[in-house]
Amino acid sequence: MRPVTSKKKTEYNTKEPGRGNNWAKSWVADRKMVFGPKFIDLWEKSSDLAIKPTAKYTLIFHTTTTEPGYNIYITHKNAEIDA
26 MRPVTSKKKT
36 EYNTKEPGRG
46 NNWAKSWVAD
56 RKMVFGPKFI
66 DLWEKSSDLA
76 IKPTAKYTLI
86 FHTTTTEPGY
96 NIYITHKNAE
106 IDA
């Protein structure tokens with residue numbers, strides 16, 4: 026686990042035991058269940074290239090920063106990555 030996610034996990038566990046562990050599991054699971062599908066959806070809306078499991082080529086993104094975004098009451102921030 027990267028230092029930032031490890032720090033967040035520790036902070037959550039300090040406030041409420043077990044919360045950080047649950048957050049860390051969700052963070053990893055969301056890559057496949059939320060972030061991946063949303064990335065594909067947005068990619069296909071803004072590109073002429075389609076993403077298919079049977080494609081001849083594989084495009085691999087190595088992200089350096091991931092911001093999941095948030096939507097709280099009247100404020101929000103979109104998710105974003107640096108790759």
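In our numbering, the protein residues as written are 26 to 108. Built from N, CA and C at the ideal position, the CB exists for glycine as well.
In this structure Gly45 is buried. Its beta-carbon is surrounded by 16 or more other beta-carbon atoms within 10 angstroms. Apart from sequence neighbours up to five positions away, no residue of its chain approaches Ser31 with a beta-carbon distance below 8 Å. In this structure, the beta-carbon distance from Ile106 to Thr83 does not fall below 8 Å. Within the model, the alpha-carbon separation for Tyr37 versus Ile85 is close to 31 Å.
Asp73 carries a coil assignment under DSSP once its states are collapsed to helix, strand and coil. Buried is the label assigned to Lys34, since at least 16 other Cβ atoms lie within 10 Å of its Cβ. Between Asn103 and Phe64, the alpha-carbon positions lie close to 12 Å from each other.
Shown here, Thr83 sits in coil according to DSSP, grouped into three states, outside any helix or strand.
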